[in-house]
Amino acid sequence: MKFLILSLLVLSSFTAHSTPAGDSQALRDFYQQQFPTIEFSEYADGVYAFDADSKAAWLDIKQFPPYEFSLETGKILFNRPFSNKSQYADCFANKGIAIAQLYPYWDETKQSIITLASAINDCRLKNKLPALAYESDEITYLMAYMADTSRGLFINTRLPKSALPAYERGKAYFYQRRGQLNFSCASCHVDNAGKFIRSEILSPALGHTTHWPAYRLKTGKLGSLHTRFKVCNRLIRAKVHEAQSTELRELEFFLSYLSNGLPMNGPSIRK
Amino acid sequence: MANRSTIKIRSKHFPDYTLVRTLIAHTMETGRNKNQDTKALIPAHFIQTLTFKHNDKVVSECHMGFGISKNPFFSFKIKQAKLGDKITISWKDNLGFSDSKDHIIQ
Amino acid sequence: MLTNRRQFIKKMLLTSLTMSSLAFSKISLGKWIAYDFGYRPIDKSLSELFPNKTLQKTSKINLKLPRRAENGNVVPITITSSIENIDTVYVLSEKNPVPLIAKFTLDPSLETYIGARFKMKETCDVIVVAKAGDNYYQIRKRVIVTLGGCGG
Numbered sequence: 000m001k002f003l004i005l006s007l008l009v010l011s012s013f014t015a016h017s018t019p020a021g022d023s024q025a026l027r028d029f030y031q032q033q034f035p036t037i038e039f040s041e042y043a044d045g046v047y048a049f050d051a052d053s054k055a056a057w058l059d060i061k062q063f064p065p066y067e068f069s070l071e072t073g074k075i076l077f078n079r080p081f082s083n084k085s086q087y088a089d090c091f092a093n094k095g096i097a098i099a100q101l102y103p104y105w106d107e108t109k110q111s112i113i114t115l116a117s118a119i120n121d122c123r124l125k126n127k128l129p130a131l132a133y134e135s136d137e138i139t140y141l142m143a144y145m146a147d148t149s150r151g152l153f154i155n156t157r158l159p160k161s162a163l164p165a166y167e168r169g170k171a172y173f174y175q176r177r178g179q180l181n182f183s184c185a186s187c188h189v190d191n192a193g194k195f196i197r198s199e200i201l202s203p204a205l206g207h208t209t210h211w212p213a214y215r216l217k218t219g220k221l222g223s224l225h226t227r228f229k230v231c232n233r234l235i236r237a238k239v240h241e242a243q244s245t246e247l248r249e250l251e252f253f254l255s256y257l258s259n260g261l262p263m264n265g266p267s268i269r270k
Numbered sequence: 000m001a002n003r004s005t006i007k008i009r010s011k012h013f014p015d016y017t018l019v020r021t022l023i024a025h026t027m028e029t030g031r032n033k034n035q036d037t038k039a040l041i042p043a044h045f046i047q048t049l050t051f052k053h054n055d056k057v058v059s060e061c062h063m064g065f066g067i068s069k070n071p072f073f074s075f076k077i078k079q080a081k082l083g084d085k086i087t088i089s090w091k092d093n094l095g096f097s098d099s100k101d102h103i104i105q
Numbered sequence: 000m001l002t003n004r005r006q007f008i009k010k011m012l013l014t015s016l017t018m019s020s021l022a023f024s025k026i027s028l029g030k031w032i033a034y035d036f037g038y039r040p041i042d043k044s045l046s047e048l049f050p051n052k053t054l055q056k057t058s059k060i061n062l063k064l065p066r067r068a069e070n071g072n073v074v075p076i077t078i079t080s081s082i083e084n085i086d087t088v089y090v091l092s093e094k095n096p097v098p099l100i101a102k103f104t105l106d107p108s109l110e111t112y113i114g115a116r117f118k119m120k121e122t123c124d125v126i127v128v129a130k131a132g133d134n135y136y137q138i139r140k141r142v143i144v145t146l147g148g149c150g151g
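From first to last, the protein sequence lines stand for chains A, B and C. When the first sequence is numbered by numbering that gives the first Met the number 0, its final residue is 270 and no position is left out of the sequence of numbers. When the second sequence is numbered by numbering that gives the first Met the number 0, its final residue is 105 and no position is left out of the sequence of numbers. When the third sequence is numbered by numbering that gives the first Met the number 0, its final residue is 151 and no position is left out of the sequence of numbers.
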């Protein structure tokens with residue numbers, strides 16, 4: 000009954016005069032009510048905030064993370080000069096160090112969402128290098144290194160007025176039912192967050208963008224958030240949008256705004 | 000680029016013991032997985048032996064199969080090690096590849 | 000003459016004692032044995048690794064393992080024990096196609112402490128056997144390994 004009232008409240012807050020700030024607050028209130036013992040910052044740990052047993056194993060593995068070699072490769076790739084003697088550091092603020100939390104952001108000049116991956120490729124194209132495939136190891140390792148330099152820094156996605164339509168599209172995508180299984184992102188990550196689907200705990204959407212790239216125990220390698228979006232869509236038998244497609248960037252933008260105030264903690268480990 | 004080491008070693012020195020942890024870059028392929036594209040079986044490729052030395056003395060010998068996880072991790076505790084002591088981790092796999100690395104306890 | 004013989008016998012005794020203590024002081028696994036790491040059921044694996052040995056059940060070996068493995072590809076384990084003089088530790092996963100995961104020797108200068116990450120095929124017991132001289136001890140702990148729900 001309590002759940003019904005709460006979901007109605009959340010829903011009504013959306014249909015009424017919803018603002019992005021209002022959306023975020025409503026969702027956070029919802030999660031807080033559902034999980035009163037979970038601290039806000041713990042949402043950065045995803046499912047591990049919900050189950051002590053899996054958290055213990057996760058912390059064990061985190062003590063010497065299996066992604067260390069890939070992270071090292073990322074650093075080497077980041078510091079390697081281009082053929083024209085320029086480097087990635089020249090394309091980014093603060094030489095590319097401790098800035099990953101600034102992505103994705105809305106570029107008012109370009110009127111588009113810039114993600115870290117797209118910024119890396121913009122840098123390459125600017126320096127006459129071919130763009131990297133968005134699911135390639137190379138770009139993932141670069142993102143891992145850059146994310147690692149931002150560890151502990153807070154997400155603070157800005158929403159200038161011209162970004163609102165993109166934000167709204169991202170939000171609509173999140174709540175849109177799709178695929179053969181007719182699930183929306185919210186079906187699992189809001190309505191059933193914290194619950195088990197077969198043997199897995201469903202993570203809440205709050206905190207979804209903090210910990211990427213993630214080393215998956217299943218694949219034995221680092222993967223990006225967009226790869227994860229693709230897998231989710233494939234699993235619910237919905238159309239799979241390509242990594243860094245407009246739809247997925249908008250979804251990331253919406254989720255990143257929702258995670259404002261949470262600390263960056265990627266690269267990380269997930270099952 | 001020179002071949003990077005496949006071995007990382009970290010130690011934590013306490014008065015009554017020294018914790019030594021190692022992470023190794025290795026596929027530990029079982030030989031039962033198929034290549035996604037070609038559908039061919041990926042050949043087994045896994046570390047078989049690992050040696051842990053303290054100041055050049057073998058203190059642990061490990062024999063393993065592909066049941067050890069990819070990017071193998073191992074940890075040990077030396078009862079009495081001193082700062083400046085040398086740790087050496089070496090491995091050899093079923094295809095004849097090997098690597099070794101030294102680490103000084105600090 | 001008698002003194003020389005006594006000295007000789009004494010010398011021989013000393014030498015053989017030293018030789019035998021040397022032989023026992025360093026446990027070596029020798030060459031990697033493919034047969035030990037072959038496909039076979041757990042019972043056969045245990046009987047062949049420890050022929051005619053009693054694997055005494057003990058609570059003095061502690062296994063730190065997750066109750067439920069998030070993914071069977073990487074199960075972290077930490078083995079400790081208060082049993083003295085353990086020189087070799089064996090880790091097995093009951094229902095893995097190759098049950099023997101690894102064997103480790105431990106020099107007396109090491110604590111009885113081993114951390115590792117291994118693969119488990121399905122829910123079953125993790126079995127650790129510890130050898131202390133001629134005595135063998137075992138402990139088992141169940142780990143749940145389930146199929147994913149949405150891990151993909």
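Glycine is no exception: its CB is placed at the ideal position from the N, C-alpha and C atoms. Keep in mind that this is a model prediction, so the values were computed, not measured.
- Residue pairing by DSSP puts residue 75 of chain C in a beta bridge opposite C:116.
- Residue burial is scored here from C-beta neighbours: residue 34 of chain C has fewer than 16 other C-beta atoms within 10 angstroms and is therefore classed as exposed.
- Beyond the five residues adjoining it in sequence on each side, residue 215 of chain A comes within less than 6 Å, by CB distance, of 222, 269 in the same chain, given in chain order.
- When secondary structure is reduced to three states using DSSP, residue 89 of chain A falls in the helix class.
- Neighbourhood of residue 9 of chain B in chain A, by CB distance below 8 Å: 63, in chain order.
- At least 8 Å separates the CB of residue 96 of chain B from every CB of chain C.
- For the options B:91, B:60, B:85, the alpha carbon positioned closest to that of residue 27 of chain C is the one of B:60.
- The alpha carbon of residue 104 of chain B has as its nearest neighbour, out of B:14, B:5, B:2, the alpha carbon of B:14.
- Residue 47 of chain C is classed as exposed because its beta carbon has fewer than 16 other beta carbons within 10 Å across all chains shown.
- Residue 98 of chain C counts as buried, since at least 16 other C-beta atoms from the protein chains shown sit within 10 angstroms of its C-beta.
- Using a Cβ-Cβ cut-off of 8 Å, residue 72 of chain C counts as an interface residue toward chain A, since at least one Cβ of chain A sits closer than that to its own.
- At least one CB atom of chain C sits nearer than 8 Å to the CB of residue 59 of chain A.
- Between the segment 75-84 of chain B and the segment 253-263 of chain A, the count of Cβ pairs shorter than 8 Å is below three; the stretches do not touch.
- Put simply, the segment 230-244 of chain A does not touch the segment 67-84 of chain A. Fewer than three CB pairs are less than 8 Å apart.
- When DSSP states are grouped into helix, strand and coil, residue 158 of chain A belongs to the coil group.
- Boundaries of the alpha helix (DSSP H) harbouring residue 72 of chain A: 67-78, taken from the DSSP string.
- If you compare the alpha carbons of B:99, B:63, B:86 with that of residue 19 of chain B, the shortest gap goes to B:86.
- Residue 21 of chain A sits in a helix when the DSSP states are folded into three classes.
- In this structure residue 114 of chain C is buried. Its beta-carbon is surrounded by 16 or more other beta-carbon atoms within 10 angstroms.
- Per DSSP, the unbroken alpha helix (DSSP H) holding residue 229 of chain A starts and ends at 224-234.
- Taking CB atoms only, residue 68 of chain A has a neighbour in chain B less than 8 Å away.
- The continuous stretches of beta strand (DSSP E) do not include residue 217 of chain A, and DSSP gives it neither H nor E.
- Close CB contacts of residue 144 of chain A within its chain, under the 8 Å cut and outside five residues either way in sequence, are with 70, 73, 74, 76, 77 (chain order).
- If you ignore the 5 residues before and after residue 250 of chain A, its C-beta comes within less than 8 Å of the C-beta of 169, 172, 173, 184, 228, all in its own chain and listed in chain order.
- Residues of the segment 111-130 of chain C with a C-beta atom less than 8 Å from some C-beta of chain B are 112, 113, 114, 115, 116, 117, 118, listed in chain order.
- A straight-line Cα-Cα distance of about 21 Å links residue 243 of chain A and residue 264 of chain A.
- The contact set of residue 42 of chain B on chain C, defined by CB atoms closer than 8 Å, is empty, because the minimum CB distance reaches about 15 Å.
- Not flagged as an interface residue toward chain A: residue 31 of chain B, since no C-beta distance is shorter than 8 Å.
- In summary, residue 137 of chain A is exposed, with fewer than 16 beta-carbon neighbours lying within 10 Å of its beta-carbon over all protein chains present.
- Between the alpha carbons of residue 53 of chain C and residue 88 of chain C lies a gap of roughly 15 Å.
- For residue 103 of chain C, the chain B residues whose Cβ falls inside 7 Å of its Cβ are 59, 61, in order along the chain.
- In chain C, no part has a C-beta under 8 Å from the C-beta of residue 12 of chain B; the shortest such distance is about 14 Å.
- At a cut-off of 8 Å between beta carbons, residue 5 of chain C makes no contact with chain A.
- Contact holds between the segment 125-139 of chain C and the segment 74-91 of chain C, because three or more Cβ pairs, one in each stretch, are under 8 Å apart.
- With a threshold of 8 Å between beta carbons, residue 217 of chain A makes contact with chain C.
- Chain order gives no chain A residues near residue 2 of chain B, where near means a beta carbon separation below 7 Å; the closest approach is about 13 Å.
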